[in-house]
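First comes the structure, then the notes that go with it.
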Amino acid sequence: MSGFTHIRASFAHPFAGYAVASLGVILLTAITLPLSQAIEPTNLVMLYLLLVVGIALRFSQGPAAWCAISGVLAFDFFHIPPRLSLAVGDVQYLLTFAVMLLVGLLLAHLTARLREQAVLAEAGERSAQRQYALARELAGCIDQAQVPPLVAAFMARELQARAELWWLRSDERLVCLNAGANSPEVLRAVVETVLRDGQLHEQADLFDAARRLVLLPLDAPMRRRGVLLVSLPQTRLARPQRQMLEAVAVLVAIALERLHYVKVAQAATLDMERERLRSTILSALSHDVRTPLTIMVGQADALCEAEGAPARALALALREQAMRMSELVNNLLDMARLQSGGMVMRRDWQSLEEIIGAATAHLGDRLSTHRLEIALPPQLPLLEFDAVLIERVLCNLLENAAKFSPAGCTLRMAAELQADAVRVSVEDEGPGLPAGQLARLFEPFVRGEGVAHVAGLGLGLSICRVIVEAHGGRLTAANREAGGACFAFTLPRSEPPPLAEEVELPDA
1 MSGFTHIRAS FAHPFAGYAV ASLGVILLTA ITLPLSQAIE PTNLVMLYLL LVVGIALRFS
61 QGPAAWCAIS GVLAFDFFHI PPRLSLAVGD VQYLLTFAVM LLVGLLLAHL TARLREQAVL
121 AEAGERSAQR QYALARELAG CIDQAQVPPL VAAFMARELQ ARAELWWLRS DERLVCLNAG
181 ANSPEVLRAV VETVLRDGQL HEQADLFDAA RRLVLLPLDA PMRRRGVLLV SLPQTRLARP
241 QRQMLEAVAV LVAIALERLH YVKVAQAATL DMERERLRST ILSALSHDVR TPLTIMVGQA
301 DALCEAEGAP ARALALALRE QAMRMSELVN NLLDMARLQS GGMVMRRDWQ SLEEIIGAAT
361 AHLGDRLSTH RLEIALPPQL PLLEFDAVLI ERVLCNLLEN AAKFSPAGCT LRMAAELQAD
421 AVRVSVEDEG PGLPAGQLAR LFEPFVRGEG VAHVAGLGLG LSICRVIVEA HGGRLTAANR
481 EAGGACFAFT LPRSEPPPLA EEVELPDA
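Everything in the sequence shown is counted per full-length UniProt numbering, starting at 1 for the first residue and increasing by one.
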């Protein structure tokens, strides 16, 4: 039984206290009646006052006050002449009665109050011990899913109440952490109000009118993290219960925020380790692989100039594979430079038609097995961008389209004018993009399903996205209704600077 339940049980039967007080006065009068001839009546008053103290210690103030009043009446009726009558033969006894009644009532009040304070202090101590035990259990949690069962068990044990935890996630979405919560969507509006106002809220339970619904904000050291919802079996919240609920809300808020930042720290550590590993791999590739590849390309060029068809075919195959590996290494290095901010863009006002032509010419044989259609508006404005980097984006998108499309298919590149940008799209007639991985296609080292037979590391799209976003544009991917994939990016438009007027020089 909890401390608060013990307090209620102590005062649950007030009539029993009145009955015990009445019986005590009767017994005390019966015991002192034979002694009234040998003991002064005024000395018997102390016994009645002692009985008042005993009743006040055992019961509440009401039975003790009744004991004081009935004791005065019994003392007058049985011990003061004329006996067996409430009449008073000596007026001086009236002062004795008044003092006896006043002292009895005062003793009843003070003793009962002292007893209540002692019971409350004992209950508070037991509650503090249980709250300490709850705090120790919360400190041992390693996951947010462990917190709601602990809080629910504590509330059921201490207050016979039901508890739910509403948590504000990193994406600012409010969710109920309790598994199988009772109609959480019905309570969402009330919970959102408490989360916004930050004040304790009480109302009738939506599911049981005999219960009281109490909502407390979970104010953690950094910010408000959620709401603790408690359904109590009574319609009025007592002060000790309110204090307990507020203390538990603080403990839960601190525990949940600690677990949140533990998860954040773990994710940050994992990202740091992944970045360190990637930097190590890139460093090894740049020093240990790039130089041999350059030598292989040079030797392949020398073989190409040699006489004999077999030697020339072997040299061409060697050169093609070496160039492919060299491009993979260059992609890795470019990604490392772009993410670290080490690559400086050289923006200038360029013609997009020329960059598209340079990209298609650079790919050369890689597009020879496909038909390429290019659709450009009549007048494309000059755009400010890094020609080398945008050419890399176009080459990567066209090469991807060629890789994942069967031979003989048509590749389409188009540009269209928008209000504040130029949109460039590359479409193919391949199998399309996996629907569940569209959001991850632009992450480094991520490749689609069923493409293991296609050479690559999954870096081309990542490099394209970083380059386009560095220019202030956006790269997107989607599936075409007619089949195949469509990659599109935008480049911002702005007014080019005015051309300087030509000044005619005077004839010499």
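Just so you know, even glycine gets a beta-carbon here, dropped at the ideal spot from N, CA and C.
Since the structure is predicted, the reported quantities are computational estimates derived from the model, not experimental observations.
request  = Let me know if residue 19 comes out buried or exposed under the rule of 16 or more other beta-carbons within 10 Å of its beta-carbon.
outcome  = Translated into positions along the sequence shown, residue 19 becomes position 19. Exposed, because fewer than 16 other Cβ atoms sit within 10 Å of the Cβ of residue 19.
ask   = Are the stretch 107-117 and the stretch 222-230 touching by the rule of at least three beta carbon pairs closer than 8 Å?
value = Verdict: no, contact absent.
ask   = Can you check whether the CB of residue 133 is closer than 9 Å to the CB of residue 64?
value = Counted from its first residue, the sequence shown places residue 64 at position 64. Counted from its first residue, the sequence shown places residue 133 at position 133. At a Cβ-Cβ threshold of 9 Å, residue 64 and residue 133 do not count as neighbours.
request  = Please confirm whether residue 259 and residue 143 have their CB atoms less than 9 Å apart.
outcome  = In the sequence shown, residue 259 corresponds to position 259, counting from 1. In the sequence shown, residue 143 corresponds to position 143, counting from 1. A Cβ-Cβ contact shorter than 9 Å links residue 259 with residue 143.
query = For residue 201, which residues does DSSP report across the bridge?
reply = As a first step, residue 201 must be located in the sequence shown, where it is residue number 201. According to DSSP, which records beta bridges pairwise, residue 201 is partnered with 215.
key: Spatial distance of residue 168 from residue 244 (CA atoms)   = Along the sequence shown, read from residue 1 onward, the residue named residue 168 stands at position 168. Along the sequence shown, read from residue 1 onward, the residue named residue 244 stands at position 244. One C-alpha to the other measures close to 23 Å.
inquiry  = Tell me which residues share the same chain as residue 246 and place their Cβ nearer than 8 Å to its Cβ, disregarding the 5 neighbours each side in the sequence.
reply    = Numbered from its first residue, the sequence shown carries residue 246 at position 246. Excluding residues within five positions, the ones whose Cβ falls inside 8 Å are 200 and 216.
Opposing strand residues paired with residue 166 [DSSP bridges] = Position 166 of the sequence shown holds residue 166. Bridge partners of residue 166: 176 and 227.
request  = Go ahead and pull the three-state DSSP assignment for residue 425.
outcome  = Numbered from its first residue, the sequence shown carries residue 425 at position 425. Residue state, collapsed to three classes: strand.
message = Using only the alpha-carbon positions, how far apart do residue 493 and residue 420 sit?
response = Taking the first residue of the sequence shown as position 1, residue 493 is located at position 493. Taking the first residue of the sequence shown as position 1, residue 420 is located at position 420. Those two C-alpha atoms are separated by around 5 Å.
query = In chain order, which continuous runs of the alpha helix (DSSP H) of length 4 or greater are located wholly inside the stretch 26-108?
reply = Secondary structure remark: continuous alpha helix (DSSP H) runs of at least 4 residues inside the stretch 26-108, in chain order: 41-58 and 61-79.
request  = Ignore the nearest five residues each way along the sequence and tell me which others in residue 304's own chain have a CB closer than 8 Å to its CB.
outcome  = Translated into positions along the sequence shown, residue 304 becomes position 304. Within the same chain, residue 304 has close Cβ partners 312, 315, 316 and 319.
task = Give the single residue among 61, 187, 442 and 86 whose Cα lies nearest to the Cα of residue 393.
result = Taking the first residue of the sequence shown as 1, we reach residue 393 at position 393. If we check each option's Cα against that of residue 393, 442 comes out closest.
key: Straight-line Cα distance separating residue 433 from residue 452   = On the sequence shown, position 452 is the one that residue 452 refers to. On the sequence shown, position 433 is the one that residue 433 refers to. Confidence at residue 452 is low in this model, with a pLDDT of 43, below 50, so the placement of that residue should be treated as unreliable; the coordinate-derived value is given next. In this structure, the CA atom of residue 452 is about 15 Å from the CA atom of residue 433.
inquiry  = By the three-class DSSP mapping on this structure, what secondary structure does residue 350 have?
reply    = In the sequence shown, residue 350 corresponds to position 350, counting from 1. Looking at residue 350 - three-state DSSP - the assignment turns out to be strand.
task = Specify whether the stretch 397-412 and the stretch 476-490 touch according to this definition: at least 3 beta carbon pairs, one from each stretch, less than 8 Å apart.
result = Judged by pairs of C-beta atoms under 8 Å, the stretch 397-412 touches the stretch 476-490, as three or more such pairs exist.
task = Kindly indicate which three-state DSSP category residue 384 falls into: helix, strand or coil?
result = Counting from one through the sequence shown, the residue named residue 384 turns up at place 384. The answer is strand: DSSP assigns residue 384 an E or B state.
message = What does DSSP give as the partner residue(s) for residue 442 in the beta ladder?
response = On the sequence shown, position 442 is the one that residue 442 refers to. According to DSSP, residue 442 bridges with nothing at all.
request  = Counting only the same chain and skipping the five closest in sequence on each side, list residues whose C-beta sits under 7 Å from that of residue 385.
outcome  = Along the sequence shown, one-based indexing puts residue 385 at 385. Non-local beta-carbon contacts of residue 385 in its own chain, meaning distances under 7 Å to residues more than five positions away in sequence, involve 347, 350, 471 and 491 in chain order.
Three-state class that DSSP yields for residue 7 in the structure shown = Counting from 1 along the sequence shown, the entry for residue 7 is found at position 7. Bear in mind that a pLDDT of 42 at residue 7, under 50, signals an unreliable position, so the model cannot answer this.
ask   = When you compare each of 124, 425 and 418 to residue 372 by their alpha carbons, which one comes out closest?
value = Locating residue 372 in the sequence shown gives position 372, counting from the first residue. The residue from 124, 425 and 418 with its alpha-carbon nearest to that of residue 372 is 425.
Supposed close pair residue 174, residue 188 - CB separation, criterion 8 Å = Numbered from 1 along the sequence shown, position 174 holds the residue referred to as residue 174. Numbered from 1 along the sequence shown, position 188 holds the residue referred to as residue 188. With 8 Å as the limit, residue 174 and residue 188 qualify as a contact, their Cβ atoms being about 7 Å apart.
query = How about residue 352 and residue 297: do their beta carbons lie closer than 9 Å?
reply = To locate residue 352, count along the sequence shown from 1; it is residue 352. To locate residue 297, count along the sequence shown from 1; it is residue 297. Using a Cβ distance threshold of 9 Å, residue 352 and residue 297 do not count as a contacting pair.
query = CA-CA distance, residue 464 and residue 475?
reply = One-based indexing of the sequence shown puts residue 464 at position 464. One-based indexing of the sequence shown puts residue 475 at position 475. Residue 464 and residue 475: Cα-Cα distance of roughly 8 Å.
task = Give the secondary structure of residue 374 by DSSP, where H, G and I count as helix, E and B as strand, and everything else as coil.
result = For the purposes of this step, residue 374 is identified with residue 374 of the sequence shown, where counting begins at 1. Residue 374 carries a strand assignment under DSSP once its states are collapsed to helix, strand and coil.
message = Using 9 Å as the threshold, is the C-beta distance between residue 212 and residue 237 below it?
response = Sequence index remark: in the sequence shown, residue 212 carries index 212 (1-based). Sequence index remark: in the sequence shown, residue 237 carries index 237 (1-based). Yes, the Cβ-Cβ distance between residue 212 and residue 237 is below 9 Å.
Which of helix, strand or coil DSSP assigns to residue 476 = Taking the sequence shown and counting its residues from 1, the one referred to as residue 476 is at position 476. The DSSP-derived three-state label of residue 476 is strand.
message = Tell me which residue opens and which closes the beta strand (DSSP E) that residue 465 is part of.
response = What you label residue 465 is simply residue 465 of the sequence shown in a count that begins at 1. Careful: residue 465 lies outside any beta strand (DSSP E), inside the alpha helix (DSSP H) at 460-470.
task = Please classify residue 241: is it buried, with 16 or more other beta-carbons within 10 angstroms of its beta-carbon, or exposed?
result = Against the sequence shown, residue 241 aligns to sequence position 241. Under this definition residue 241 is a buried residue.
request  = Starting from residue 149, trace the alpha helix (DSSP H) both ways and give me its first and last residue.
outcome  = For the purposes of this step, residue 149 is taken as residue 149 along the sequence shown, with counting starting at 1. Membership of residue 149 in the alpha helix (DSSP H) is indicated by the continuous run 147-159.
CA nearest to the CA of residue 515, picked from 150, 218 and 362 = There is simply no residue 515 to check, as the chain begins at 1 and stops at 508 in what is shown.
request  = Would you list the one or two residues that DSSP bridges to residue 413?
outcome  = Mapped onto the sequence shown, residue 413 falls at position 413. Assignment of beta-bridge partners to residue 413 by DSSP yields 374 and 426.
ask   = In the DSSP assignment, what residue or residues form a beta bridge with residue 141?
value = Within the sequence shown, the letter at position 141 stands for residue 141. Paired residues: none, contrary to the question.
Buried or exposed by the 16-neighbour rule on C-beta atoms within 10 Å, applied to residue 138 = Start at 1 with the first residue of the sequence shown, and residue 138 comes out as number 138. Label assigned to residue 138: buried.
ask   = If we count Cβ pairs, one from each stretch, closer than 8 Å, do we get three or more for the stretch 117-132 versus the stretch 79-86?
value = No, the stretch 117-132 is not in contact with the stretch 79-86.
message = Please tell me whether residue 428 and residue 462 are closer than 9 Å, where the distance is taken between their beta carbons.
response = Translated into positions along the sequence shown, residue 428 becomes position 428. Translated into positions along the sequence shown, residue 462 becomes position 462. Going by C-beta atoms, residue 428 is not nearer than 9 Å to residue 462.
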